[in-house]
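Student: Questions regarding the structure given below will be posed in turn.
Number of protein chains: 2
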Amino acid sequence: MNDMEKMSDFAIGVFDSGVGGLTTVKELNRILPNEDIIYFGDTARIPYGSRSKETILKYANEDINFLRQHGIKMIIAACGTVSSVINTKKLVDDIPFTGVLLPAVQAACSATVNGKIGVIGTQATIKSGSYGRAIKTIRPNTFVVGKACPLFVPLVENGYTDRGNKVARIVAEEYLEPIKNEGVDTLILGCTHYPLLKDIIADIMGEEVTLISPGEEAAKFANLCLLEQNLLNTSNKIGKNTFYVSDSVEMFEENAKQFLGHDVHGNVFKVDIN
Amino acid sequence: MNDMEKMSDFAIGVFDSGVGGLTTVKELNRILPNEDIIYFGDTARIPYGSRSKETILKYANEDINFLRQHGIKMIIAACGTVSSVINTKKLVDDIPFTGVLLPAVQAACSATVNGKIGVIGTQATIKSGSYGRAIKTIRPNTFVVGKACPLFVPLVENGYTDRGNKVARIVAEEYLEPIKNEGVDTLILGCTHYPLLKDIIADIMGEEVTLISPGEEAAKFANLCLLEQNLLNTSNKIGKNTFYVSDSVEMFEENAKQFLGHDVHGNVFKVDIN
Chain A
1 MNDMEKMSDF AIGVFDSGVG GLTTVKELNR ILPNEDIIYF GDTARIPYGS RSKETILKYA
61 NEDINFLRQH GIKMIIAACG TVSSVINTKK LVDDIPFTGV LLPAVQAACS ATVNGKIGVI
121 GTQATIKSGS YGRAIKTIRP NTFVVGKACP LFVPLVENGY TDRGNKVARI VAEEYLEPIK
181 NEGVDTLILG CTHYPLLKDI IADIMGEEVT LISPGEEAAK FANLCLLEQN LLNTSNKIGK
241 NTFYVSDSVE MFEENAKQFL GHDVHGNVFK VDIN
Chain B
275 MNDMEKMSDF AIGVFDSGVG GLTTVKELNR ILPNEDIIYF GDTARIPYGS RSKETILKYA
335 NEDINFLRQH GIKMIIAACG TVSSVINTKK LVDDIPFTGV LLPAVQAACS ATVNGKIGVI
395 GTQATIKSGS YGRAIKTIRP NTFVVGKACP LFVPLVENGY TDRGNKVARI VAEEYLEPIK
455 NEGVDTLILG CTHYPLLKDI IADIMGEEVT LISPGEEAAK FANLCLLEQN LLNTSNKIGK
515 NTFYVSDSVE MFEENAKQFL GHDVHGNVFK VDIN
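The following block contains the structure:
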């Protein structure tokens, strides 16, 4: 029996406090179509952003333990809050693991030419300064400007995402003008929901500004990790997504469609996490 | 010693899952300026709206027990979710008690002339149908039309409340047009945050539509209860507001200013509820 061969058939485990981590799942499906995904959305305890650091670490460990029960070969913390907090902590050391922060920071530091990077995110993410610290560790003389965009998550969750949506555009202009005026050439969409507003954000920032999506970068990083450790699924069949949530299945299914672009009905299961 | 005389000096206890209940406090301060108020905002466990009925009742009982430790003569559940769920349950029977739902329903049933009442609220409130059921109990042949306005809370919490705010107006028009088209003459603002958007809502609905604010109606009902039980504070000094929260004092202070119209710095204290 070849352990490695078996393990490569295992799924990639992804967790988030809610639906936002599905932007990572979407990118994993695109980049690694043959991989199975096990997703856990801790919807009963959302939002993590307003909890203490100790509570967030406790929840993250519980989420990881849940995923471990399902035969996984890698774990992605697809949650901006957890990724910020665990920046310096090692939560998993026996299988590949990543948050969404460091891959995005790495990509932004590679993309910038003029050394000016913008970061947008929730109030908690921007206040924590975690992106700025990570950027300055990798590329010390970078100018970093952050801006909280607290209305973006409710706008996305209520479907205000079309390029032509007037409300989303006015709000985005308000948030982004000050960052644009700083002359950044790279903008990190530091919240898993924001890629759904990418069209509007791109219009406002202009095509000379590179937009970095943490979900996409985490998926690319996962690809590299699995390749390096010879853990990529070599089968030719399309992988399966399975979703677990700690609160309403219906609410998750409704939101998931918007994030993934297709129906997940029948693949979502309710679990008790604590 | 006269027990009644002492008890009338006690405070009115008010609780909510967050800051929304402050619309009730504002009305209490206006109608009953000599009363002390003890407020508890369970900000660590917000939002209640997405929890199960059992959990909401458990939290409500814990909130009530907390208030009871502070010398109170009446309790107001200034939380739309708790008020909907407890509609048929008696949580307090030794001192006067009210939620925000029934006083608002009573006021709406008295105000309507054409028998058509609109209700706006969060997704959870509208889905529960609690306002509609209560209205039909009091006034059986009433036509009730409900509409969830999920973006109103984030708009209020981010300060998008001025009469001239373009974003709030476009969103409000989208939500309110269908209700207006039904010809209602009375509209219940079935979420404690919505009175902050009253100017915009009134402009859209037109002056022939009566707007009912649950916080205001709960304060009026409290006045009646205390008067009836001879528990009104007869002192001439202005009452004091004291606020307790289960999460960040700073975040609460920031939001409270918007709801109350004045600074509460120094009167907010952090407590551990569980």
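Residue numbers (the numbering used here), protein chains in the order written: chain A, 1 to 274; chain B, 275 to 548. Each residue gets a CB set at the ideal place from its N, CA and C atoms; glycine is no exception.
1. Looking at chain A, which residues of the segment 505-524 of chain B have a Cβ within less than 7 angstroms of any of its Cβ atoms?
2. Can the beta-carbon of PHE143 (chain A) be found closer than 9 angstroms to that of PHE66 (chain A)?
3. Do ILE72 (chain A) and GLY13 (chain A) have their C-beta atoms closer together than 9 angstroms?
4. Could you tell me if PRO469 (chain B) is buried or exposed, where buried requires 16 or more neighbouring beta carbons within 10 angstroms of its beta carbon?
5. Please look up how many angstroms separate the CB atoms of ASN388 (chain B) and ASP459 (chain B), rounded, as I've assumed it's under 8 angstroms.
6. In chain order, what residues of the same chain have a beta carbon less than 6 angstroms from the beta carbon of LYS327 (chain B), not counting five sequence neighbours either side?
7. Let me see if you follow: with CB-CB separation under 9 angstroms, is PRO103 (chain A) close to chain B or not?
8. Rounding to the nearest angstrom, what Cα-Cα distance links TYR313 (chain B) and ILE56 (chain A) in this structure?
9. Please determine, among B:PHE533, B:THR411 and B:MET281, the residue with the shortest C-alpha to C-alpha distance to TYR434 (chain B).
10. Within 10 Å of its beta-carbon, does GLY535 (chain B) have 16 or more other beta-carbons around it, so buried, or fewer, so exposed?
11. Quick one: Cα of LYS454 (chain B) to Cα of GLY480 (chain B), how far?
12. Which residue comes first and which comes last in the beta strand (DSSP E) that contains TYR405 (chain B)?
13. Are ASP316 (chain B) and ALA285 (chain B) touching if we call contact CB-CB under 9 angstroms?
14. Starting from LEU463 (chain B), follow the beta strand (DSSP E) in both directions and report where the run begins and ends.
15. Cβ-heavy atom distance between LYS53 (chain A) and the ligand NAD below 8 angstroms?
16. Quick check on the DSSP output: the alpha helix (DSSP H) that includes TYR449 (chain B) runs from which residue to which?
17. Are three or more beta carbon pairs between the segment 23-35 of chain A and the segment 222-236 of chain A nearer than 8 angstroms?
18. Work out the CA separation of GLY183 (chain A) and HIS467 (chain B) for me, nearest whole Å.
19. Counting only Cβ-Cβ distances shorter than 7 angstroms, please list the residues of the segment 410-437 of chain B near chain A, keeping chain order.
20. What is the rounded straight-line gap between the Cα of THR288 (chain A) and the Cα of VAL145 (chain A)?
21. According to the neighbour-count rule (16 or more other Cβ atoms, all chains shown, within 10 Å of its Cβ), is VAL542 (chain B) buried or exposed?
22. Report yes if the CB atom of ARG177 (chain A) is closer than 9 angstroms to the CB atom of ILE200 (chain A), and no otherwise.
23. What residue from A:ASN255, A:ILE273 and A:ILE238 has the CA that sits closest to HIS265 (chain A)'s CA?
24. What are the boundary residues of the alpha helix (DSSP H) that GLY395 (chain B) is part of?
25. For a quick check, are the C-beta atoms of ILE350 (chain B) and PHE371 (chain B) less than 9 angstroms apart?
26. Can you give me the start and stop residues for the alpha helix (DSSP H) that LYS81 (chain A) sits inside?
27. Name, please, each residue of chain B whose Cβ falls closer than 7 angstroms to the Cβ of VAL167 (chain A).
28. Say whether chain D places a C-beta atom closer than 9 angstroms to the C-beta of ALA334 (chain B).
29. Shortest alpha-carbon distance to CYS149 (chain A) belongs to which of A:GLU250, A:ASP162, A:ILE170 and A:ALA134?
30. When we look at the beta-carbon of GLU188 (chain A) and count the other beta-carbons within 10 Å, is it buried (16 or more) or exposed?
31. Go ahead and pull the three-state DSSP assignment for TYR434 (chain B).
32. For ASN141 (chain A) and LEU425 (chain B), which I take to be in contact (beta-carbon distance under 8 angstroms), what is that distance rounded to the nearest angstrom?
33. How would you write the range of the alpha helix (DSSP H) that LYS300 (chain B) sits in, first residue to last?
Tutor: According to the data block:
1. Within the segment 505-524 of chain B, the residues whose Cβ lies closer than 7 angstroms to some Cβ of chain A are ASP521, listed in chain order.
2. Working through the first sequence from its first residue, we reach residue 143 (chain A) at position 143. Working through the first sequence from its first residue, we reach residue 66 (chain A) at position 66. No.
3. For the purposes of this step, residue 72 (chain A) is taken as residue 72 along the first sequence, with counting starting at 1. For the purposes of this step, residue 13 (chain A) is taken as residue 13 along the first sequence, with counting starting at 1. Yes, Cβ-Cβ distance for ILE72 (chain A) and GLY13 (chain A) is below 9 angstroms.
4. Here the question's residue 469 (chain B) lines up with position 195 in the second sequence. With a threshold of 16 other beta carbon atoms within 10 Å, PRO469 (chain B) meets it and is buried.
5. By one-based count along the second sequence, residue 388 (chain B) stands at place 114. By one-based count along the second sequence, residue 459 (chain B) stands at place 185. For a cut-off of 8 angstroms, the C-beta gap from ASN388 (chain B) to ASP459 (chain B) is around 5 angstroms, short enough to register as a contact.
6. Locating residue 327 (chain B) in the second sequence gives position 53, where the first residue counts as 1. Closer than 6 angstroms at the Cβ level, and outside the excluded window around LYS327 (chain B), lie VAL359.
7. Reading the first sequence from its first residue, position 103 is the one you call residue 103 (chain A). Interface residue (Cβ-Cβ distance to chain B less than 9 angstroms): PRO103 (chain A) is not classified as such.
8. Taking the second sequence and counting its residues from 1, the one referred to as residue 313 (chain B) is at position 39. Taking the first sequence and counting its residues from 1, the one referred to as residue 56 (chain A) is at position 56. Straight-line measurement puts the Cα of ILE56 (chain A) at about 27 angstroms from the Cα of TYR313 (chain B).
9. The residue given as residue 434 (chain B) occupies position 160 in the second sequence. Out of B:PHE533, B:THR411 and B:MET281, B:PHE533 has the C-alpha closest to the C-alpha of TYR434 (chain B).
10. Numbered from 1 along the second sequence, position 261 holds the residue referred to as residue 535 (chain B). Classification of GLY535 (chain B): exposed, given that the 10 Å Cβ count is below 16.
11. Start at 1 with the first residue of the second sequence, and residue 454 (chain B) comes out as number 180. Start at 1 with the first residue of the second sequence, and residue 480 (chain B) comes out as number 206. In this structure, the alpha-carbon of LYS454 (chain B) lies about 9 angstroms from that of GLY480 (chain B).
12. Reading the second sequence from its first residue, position 131 is the one you call residue 405 (chain B). Segment 404-412 is the alpha helix (DSSP H) holding TYR405 (chain B); no beta strand (DSSP E) there.
13. Working through the second sequence from its first residue, we reach residue 316 (chain B) at position 42. Working through the second sequence from its first residue, we reach residue 285 (chain B) at position 11. Cβ atoms of ASP316 (chain B) and ALA285 (chain B): not closer than 9 angstroms.
14. The sequence position of residue 463 (chain B) within the second sequence is 189, counting from 1. Run containing LEU463 (chain B): 460-463, per the beta strand (DSSP E) assignment.
15. In the structure on display, the ligand NAD does not appear, and there are no ligands present to speak of.
16. What you label residue 449 (chain B) is simply residue 175 of the second sequence in a count that begins at 1. Here the alpha helix (DSSP H) through TYR449 (chain B) covers 440-455.
17. Yes: the two stretches touch, three or more of their Cβ pairs being nearer than 8 angstroms.
18. Numbered from 1 along the second sequence, position 193 holds the residue referred to as residue 467 (chain B). Numbered from 1 along the first sequence, position 183 holds the residue referred to as residue 183 (chain A). Going by C-alpha positions, HIS467 (chain B) is about 38 angstroms away from GLY183 (chain A).
19. Cβ contacts with chain A: PRO424, LEU425, PRO428 and ASN432.
20. In the structure displayed, chain A extends from 1 to 274; residue 288 (chain A) sits before or after that span and is not available.
21. On the second sequence, residue 542 (chain B) is found 268 positions in, with the first residue counted as 1. Burial of VAL542 (chain B) is indicated by the presence of at least 16 other C-beta atoms within 10 angstroms of its C-beta.
22. Within the first sequence, residue 177 (chain A) is the residue found at index 177, counting from 1. Within the first sequence, residue 200 (chain A) is the residue found at index 200, counting from 1. With the sequence shown as reference, residue 177 (chain A) is identified as Glu, and Arg is not the correct amino acid for it. Not closer than 9 angstroms, so no.
23. One-based indexing of the first sequence puts residue 265 (chain A) at position 265. The shortest CA-to-CA distance from HIS265 (chain A) to any of A:ASN255, A:ILE273 and A:ILE238 is the one to A:ASN255.
24. Position 121 of the second sequence, counted from the start, is the residue given in the question as residue 395 (chain B). Note, GLY395 (chain B): premise wrong, no alpha helix (DSSP H); beta strand (DSSP E) at 390-395.
25. Stepping through the second sequence from its first residue, residue 350 (chain B) is reached at position 76. Stepping through the second sequence from its first residue, residue 371 (chain B) is reached at position 97. When the beta-carbon positions are compared, ILE350 (chain B) and PHE371 (chain B) come within less than 9 angstroms of each other.
26. As a first step, residue 81 (chain A) must be located in the first sequence, where it is residue number 81. Residue 81 (chain A) is actually Thr in this sequence, not Lys. Taken as a continuous stretch (DSSP letters only), the alpha helix (DSSP H) holding THR81 (chain A) covers 80-85.
27. Here residue 167 (chain A) is taken as the residue at index 167 of the first sequence, counted from 1. In chain order, VAL441, ILE444 and VAL445 make up the part of chain B whose C-beta sits under 7 angstroms from the C-beta of VAL167 (chain A).
28. Of the chains in the structure shown, none is chain D; the protein chains are A and B.
29. Position 149 of the first sequence, counted from the first residue, corresponds to residue 149 (chain A). Nearest to CYS149 (chain A) by C-alpha distance, out of A:GLU250, A:ASP162, A:ILE170 and A:ALA134, is A:ILE170.
30. Within the first sequence, residue 188 (chain A) is the residue found at index 188, counting from 1. The question names Glu, but residue 188 (chain A) is Ile in the sequence shown. With 16 or more Cβ atoms within 10 Å of its Cβ, ILE188 (chain A) is classed as buried.
31. The residue given as residue 434 (chain B) occupies position 160 in the second sequence. Three-state result, TYR434 (chain B): coil.
32. Looking up residue 141 (chain A) in the first sequence gives position 141. Looking up residue 425 (chain B) in the second sequence gives position 151. So it is not a contact: roughly 41 angstroms between Cβ atoms.
33. Taking the second sequence and counting its residues from 1, one reaches residue 300 (chain B) at position 26. Its alpha helix (DSSP H) spans residues 296-305.
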